[in-house]
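Worksheet for the structure shown next.
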Amino acid sequence: MPHRACTSRKISQYKTPAKPVQLAFLYRQFEIAPRCCGAGNKAAIKTPNHEPALSKIMKKTTATTHETEAASGDVKNQNLNTEALKAGASSTNTPVSSWGESATLSTLWGARHFVAGSVRREFQSRYTNSLLGPAWPFLQPAVMILIYTVVFSRLMQAKIPSLQGEASYSIFLCAGLVAWNLFAELLTRLTTLFVDNANLLKKVRFPWECLPVITLASGVLNHIIMTSLVFVVLLLLGGGAWGVWPHLLPVLALLVFFASGLGLVLALVNVFFRDVAQLLAITLQLLFWLTPVVYPLSVLPEYAQRVIALNPLLPIVQAYQSVLAYEAAPEYSAMLYPLVLGVVVWAIALRMAKKLLPDVVDEL
């Protein structure tokens with residue numbers, strides 16, 4: 078009889094006999110030494126103890142898997158760090174945990190490329206693959222102005238005191254909305270500032286003050302575009318006094334100052350209590366109607382005027398309406414109230430930042 082290849086007990090369980098190539102692979106893999114009998118005798122093999130060899134292979138496989146996962150994680154972190162480094166940030170091998178250190182103006186100036194690049198990418202990302210492109214941010218205010226104009230001016234025959242013309246109410250409404258939209262946008266985006274940038278804060282070391290600066294710059298850029306369109310509309314309607322338009326600059330600075338301080342307070346609280354962002358949306362809806370945006374303050378009863386006078390946005394919105402609708406300089410003495418309140422809010426924000434920022438990254 079021809080000589081038969083020896084088979085192990087594990088191979089004998091298959092119906093199809095193993096080929097010599099398969100046996101040779103098993104011999105090399107598990108270091109099995111075949112022992113053949115003479116012709117005509119049954120094949121016999123000494124069954125070795127495979128556990129040490131299998132254990133050794135499993136350890137090697139596990140170690141290789143861990144090394145692969147670690148290398149993959151390093152590549153992802155390196156890509157994230159590289160993107161930030163291109164914009165001006167510095168890399169770190171550990172998460173940002175030593176917060177609470179105030180960045181100097183020179184530090185922020187050193188990160189100016191990071192800020193400028195982030196604002197540019199954010200502005201471009203809004204209109205990427207969009208059919209109407211940059212028109213979208215202006216469609217919602219335009220539709221809102223159209224609806225309020227039809228409801229209040231046409232149907233309810235609402236009149237604005239000391240303003241004449243068919244478009245007087247629309248101009249009055251535009252003036253209030255450009256101020257309100259900036260405040261609402263800054264406050265909404267600043268509240269979720271740390272939560273939305275959690276991955277960046279954990280992977281890249283950079284001055285944390287860059288984040289609110291990026292948000293403020295993006296919001297002010299949209300506001301400038303919106304206000305410029307209002308200027309164009311005023312010129313087309315035959316109105317618009319160029320001499321009073323520069324008065325909007327200090328009013329804009331005051332609005333950004335107040336909104337940024339309040340937004341930073343809400344951003345820190347929102348890290349530990351995520352319901353703040355949801356409550357803010359409801360509060361803004363209520364605050365919108367407590368601010369004379371769609372109506373003049375003079376149409377309200379005297380007791381209602383005293384209540385709304387507590388609203389710090391009242392002098393700011395009225396200043397926009399004075400410049401854009403009434404073509405007059407704003408009442409600067411009324412700006413003292415939101416200015417003092419803004420200083421108080423910023424003092425609270427800085428104190429909270431010094432105390433809570435070291436724990437922000439761990440809480441994200």
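Using the working numbering, the first residue of the sequence shown is number 78, and each one after it goes up by one. Glycine included, every Cβ here is placed at the ideal spot set by N, Cα and C.
Just tell me which of the options has its CA closest to the CA of residue i.
i      : options                        : result
Trp322 : Ser305, Gln241, Glu243         : Ser305
Gly320 : Val417, Glu404, Leu418         : Glu404
Trp285 : Pro238, Leu270, Thr265         : Leu270
Lys360 : Ala261, Val228, His190, Trp186 : The amino acid occupying residue 360 in the given sequence is Thr; Lys does not appear at that position. The candidate whose alpha carbon is nearest that of Thr360 is Ala261.
Arg282 : Ala188, Ser399, Ser183, Ala430 : Ala188
Leu440 : Thr265, Phe334, Val348         : According to the sequence displayed, residue 440 carries Glu and not Leu. Of the listed residues, the one whose Cα sits closest to Glu440 is Val348.
Arg428 : Tyr380, Arg197, Val346, Ile301 : Val346
Gly340 : Phe365, Glu379, Val310, Gly419 : Gly419
Ala477 : Pro214, Ile425, Leu401, Ala244 : As displayed, the chain neither begins before 78 nor continues past 441, which places residue 477 out of reach and without an answer.
Asn313 : Thr265, Ala244, Glu379         : Asn is not the amino acid found at residue 313; the sequence shown has Leu there. Ranking Thr265, Ala244, Glu379 by Cα distance to Leu313 puts Ala244 first.
Thr268 : Phe249, Leu357, Trp366, Val417 : Leu357
Pro435 : Arg203, Lys279, Ala330, Phe249 : Lys279
Cys251 : Val297, Tyr380, Ile425, Met303 : Met303
Here's a check: name, in chain order, each residue in its chain whose Cβ is nearer than 7 Å to the Cβ of residue i, leaving out the five neighbours to either side.
i      : result
Thr368 : Trp257, Asn388, Leu390, Leu391, Val394
Pro373 : Ile237, Pro238
Tyr25  : Within the shown structure, residues of the chain are numbered from 78 to 441, placing residue 25 beyond reach of any answer.
Phe449 : With the chain covering only 78 through 441, there is no way to say anything about residue 449.
Trp423 : Gly338
CA-CA distance, residue i and residue j?
i      : j      : result
Glu408 : Ala396 : 7 Å
Gln241 : Leu413 : 31 Å
Ser375 : Gln382 : 8 Å
Leu259 : Val328 : 12 Å
Thr184 : Val307 : 37 Å
Leu377 : Val384 : 11 Å
Leu182 : Gln362 : 36 Å
Asn206 : Val272 : 26 Å
Trp176 : Ala275 : Caution applies to Trp176, whose pLDDT of 45 falls short of 50 and renders its modelled position unreliable; the model cannot decide the point.
Ala411 : Leu364 : 19 Å
Thr265 : Ala354 : 7 Å
Ile224 : Val438 : 44 Å
Below 8 Å CB to CB, which residues in the same chain sit around residue i once its five sequence neighbours on both sides are set aside?
i      : result
Leu254 : Pro218, Met221, Ile222, Val370
Glu199 : Ile291, Ser295
Excluding the 5 residues flanking residue i on each side, which residues of the same chain have their C-beta closer than 6 Å to its C-beta?
i      : result
Val192 : Cys287, Val290, Ile291
His300 : Leu259
Gly433 : For the sequence presented, residue 433 should be read as Leu rather than Gly. Counting only Cβ-Cβ distances below 6 Å, and skipping sequence neighbours, we find Leu345.
Ala212 : none
Leu325 : Val400
Fully enclosed by the segment 323-364, which alpha helix (DSSP H) runs are 4 residues long or longer? 325-349
If we require 4 or more residues per run, which alpha helix (DSSP H) segments fall completely within the segment 224-311? 245-268, 270-273, 275-280
Entirely within the segment 178-222 and at least 4 residues each: give me those alpha helix (DSSP H) ranges in chain order. 182-187, 189-202
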